[in-house]
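By the numbering used here, the letter at position 56 of the sequence shown is numbered 140, and the numbering carries on one by one without gaps.
Below: the structure, in structure tokens.
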Amino acid sequence: MICKKTTIQNAYGIHCRPSGIISQAVRGYQGRIIVRGPDGSEASPESVLSLLSLALANGDDVEIAVEGPDEEQKCDELLALFSKNYDFR
């Protein structure tokens with residue numbers, strides 16, 4: 085299992101659209117992924133609603149734990165998605 089942290093950079097946090105992009109990126113992954121919010125609450129990134137329940141805002145630290153095939157690569161991919169500055173204008 086690998087765990088890494090990042091900081092949310094998106095001005096509006098991880099809302100519906102970023103959550104959908106993140107959920108799509110993990111669909112079909114044959115391992116286990118857990119996202120931990122700054123208060124220690126956990127969510128599965130496979131579910132948009134689960135991610136939204138973390139209420140991740142700009143500046144929040146988030147930890148991503150991945151266990152399974154190519155776990156470091158998958159963790160790095162998710163770190164990039166969580167720290168991305170989405171611009172949906």
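For every residue, glycine included, the Cβ atom is placed at its ideal position computed from N, Cα and C.
All of these numbers come straight from a predicted model, not from anything done at the bench.
Distance check for residue j and residue i, CA to CA, integer angstroms please.
i: isoleucine 98; j: alanine 109; result: 15 Å
i: tyrosine 170; j: asparagine 94; result: 6 Å
i: leucine 140; j: glycine 124; result: 12 Å
Going by the CB atoms, is the gap between residue j and residue i shorter than 7 Å?
i: leucine 135; j: isoleucine 148; result: no
i: valine 132; j: glycine 112; result: no
i: serine 137; j: threonine 90; result: no
i: isoleucine 106; j: proline 122; result: no
Per DSSP, what kind of secondary structure is residue i in: helix, strand or coil?
i: lysine 168; result: coil
i: aspartate 144; result: coil
Which whole-angstrom value is the C-beta distance of residue i and residue j, which I expect to be below 8 Å?
i: arginine 120; j: valine 146; result: 7 Å
Which parts of the region 104-134 are runs of the beta strand (DSSP E), unbroken and 3 residues or longer, counting only runs that do not cross its ends?
Listed in chain order, they are 116-120.
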